[in-house]
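Novice: Take a look at this one; I'll ask things after.
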Amino acid sequence: MQLSPLPRRTTAKIARRLAAGIAAATVVTGATSAVAPAEASAAPASAQRIDGWIKHSLMVMKAKGIPGSYHGIHRNLMRESSGDLHAINLWDSNAKKGIPSKGLMQVIEPTFRTYHVEGTSWDIYDPIANITAACNYAAKRYGSIDNVNGPY
Numbered sequence: 427m428q429l430s431p432l433p434r435r436t437t438a439k440i441a442r443r444l445a446a447g448i449a450a451a452t453v454v455t456g457a458t459s460a461v462a463p464a465e466a467s468a469a470p471a472s473a474q475r476i477d478g479w480i481k482h483s484l485m486v487m488k489a490k491g492i493p494g495s496y497h498g499i500h501r502n503l504m505r506e507s508s509g510d511l512h513a514i515n516l517w518d519s520n521a522k523k524g525i526p527s528k529g530l531m532q533v534i535e536p537t538f539r540t541y542h543v544e545g546t547s548w549d550i551y552d553p554i555a556n557i558t559a560a561c562n563y564a565a566k567r568y569g570s571i572d573n574v575n576g577p578y
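Going by this note's numbering, the letters in the sequence shown line up with residues 427 to 578, in that order.
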């Protein structure tokens, strides 16, 4: 079986994203100095994509009985990662222990695994899985992501 080449538009789009990801991978972003790994794009997502991720997460959370609001998620997401779904914190106490915070909501792997929400991806960088796991954790620890106003 012979594969056909990718359409020119698709190839150009892939090349642009790859170039942007490589160039941006060394940029330090946000208050947490989150740095993306070399293979990831460090560019913050558009407001429209973030809006969609939050709304999707809220639907999953509602179905699973996890409290939280759009505003609470958005506030924490922007503080933690500035909308960079591949953000990784390489300097805080968790990173020094070898378990850096990752993704939109800056969750560490053990917390992500413990508070993972059934029906979402097991990929910590998946925006829906990351948001819902973080909100599930915040609900158990603080009552809701809405009650989190600083690092958690």
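From the three backbone atoms N, C-alpha and C, an ideal C-beta is built for every residue, glycine too.
Can you tell me the Cβ-Cβ gap for GLN532 and GLU506, rounded? I've got them flagged as a contact below 8 Å.
Specialist: Yes, GLN532 and GLU506 are in contact; Cβ-Cβ is about 4 Å, under 8 Å.
Novice: Please report the distance separating the alpha-carbon of TRP479 from that of SER570.
Specialist: Their backbone Cα atoms lie some 18 Å apart in a straight line.
Novice: Any idea what DSSP makes of ILE480, helix, strand or coil?
Specialist: Reduced to three states, the DSSP call for ILE480 is helix.
Novice: How is LYS488 classed by DSSP in three states: helix, strand or coil?
Specialist: In this structure, LYS488 counts as helix in the three-state DSSP scheme.
Novice: Please state whether the Cβ-Cβ distance between THR558 and MET504 is less than 8 Å.
Specialist: Their beta carbons are not under 8 Å apart, which means THR558 does not touch MET504 by this criterion.
Novice: Rounded to a whole number of angstroms, what is the C-alpha to C-alpha distance between HIS542 and SER508?
Specialist: Spanning the two alpha carbons is a distance of roughly 22 Å.
Novice: From THR537, ARG539, SER519 and ALA513, pick the residue whose C-alpha is nearest to that of GLY529; which is it?
Specialist: Ranking THR537, ARG539, SER519 and ALA513 by Cα distance to GLY529 puts ALA513 first.
Novice: Hey, quick one: how far does the alpha helix (DSSP H) through ILE554 stretch, first residue to last?
Specialist: That run of the alpha helix (DSSP H) goes 553 to 568.
Novice: Put ASN575 into one of helix, strand or coil per three-state DSSP.
Specialist: Three-state DSSP puts ASN575 in coil, outside helix and strand.
Novice: Per DSSP, LYS528 forms a beta bridge with which residues?
Specialist: Per DSSP, ILE514 and VAL533.
Novice: Using three-state DSSP, classify ILE499 as helix, strand or coil.
Specialist: Looking at ILE499 - three-state DSSP - the assignment turns out to be helix.
Novice: Only counting the same chain, and skipping five residues up and downstream in sequence, which positions put a Cβ closer than 8 Å to that of ILE525?
Specialist: Once the five neighbours on either side are set aside, the close Cβ partners of ILE525 are ILE534, GLU535 and PRO536.
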